[in-house]
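Take any residue in the sequence shown, note its place counting from 1, add 18, and you have its number in this note's numbering.
The beta-carbon is built from N, C-alpha and C at its ideal position, and this holds for glycine as well.
What follows is one structure encoded as structure tokens, with my remarks underneath.
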Amino acid sequence: MNFIQNCIQEQKTEEALSYINEICTTLQSGAIPKYCENESVNLILSSYIEKAQALQIQTTIFVTATDFSRFQITDLCSLLSNALENAIHACTQITYPEGRYINLKLYEKNEQLCINLANSYEEEPAFENDIPISHKSGHGFGVQSMISVVNKYSGIYGFFAQNGEFRFQATF
């Protein structure tokens, strides 16, 4: 959805329509991998995993969470989209593809949804008040959106970077 929104904002309607048609074709063919019982989550995950793999990023997805009913699906999809988009961006900055990876775990613990996303990076991310920041124009809104979603559900989150691995963890 972020991609479509950006295309529309930049008046690239042909590109947006092409992407929408691609999604519709994929949905109709039943070619979307099933990570869980939620179709929206499957669509988001498969879209970003396909994008990552096309960029030679090793991906590992582990989903045991089954109950997403307490969340507005737009919130959950926004959180996952922004987190995966950031992870893909960091991985594409790595010179050698064999060093690129994204590991995502979605699971439930004590009736809470837990997200653990780890990805490799080459350039050390900047942090301010334990939150990753970007000094590039037009960047940094995704992290704020992720924080907003977790806070909306009275959750906790953390961002960590050490030894070439960035981690985002949230429980809500």
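Of the residues Ala105, Ile26, Ser65 and Glu28, which one's Cα is nearest the Cα of Thr197? Residue 197 lies beyond the range of the chain shown here (19 to 190); nothing can be said about it.
What residue range does the beta strand (DSSP E) around Gly176 cover? Ile174 to Gln180
With a Cβ-Cβ cutoff of 8 Å, do Gln71 and Arg118 count as a contact? no
Just checking, does the region 121 to 136 make contact with the region 87 to 105 on the three C-beta pairs under 8 Å criterion? yes
Beta carbon of Leu63, beta carbon of Leu98: below 8 Å? yes
Measuring alpha carbon to alpha carbon, tell me which of Ser87, Gly160 and Pro143 ends up nearest Phe184. Pro143
Integer Cβ distance of Thr84 from Glu55, believed to fall under 8 Å: 6 Å
From the DSSP secondary-structure annotation, give me the bridge partner or partners of Ala188. Ile133 and Tyr175
Per DSSP, what are the beta-bridge partners of Thr84 in this structure? Paired residue(s): none; Thr84 is not in a bridge.
Cβ neighbour criterion (16 or more within 10 Å) applied to Phe190: buried
Alpha-carbon spacing of Glu126 relative to Val168, whole angstroms: 15 Å
So Cys109 packs on Ile120, CB below 8 Å; how close in whole Å? 6 Å
Thr110 - DSSP class collapsed to helix/strand/coil: helix
Whole angstroms are fine: how far does the CA of Ser163 sit from the CA of Leu131? 17 Å
Sequence-distant residues of its chain with Cβ nearer than 7 Å to Lys52 (five each side left out): Asn60
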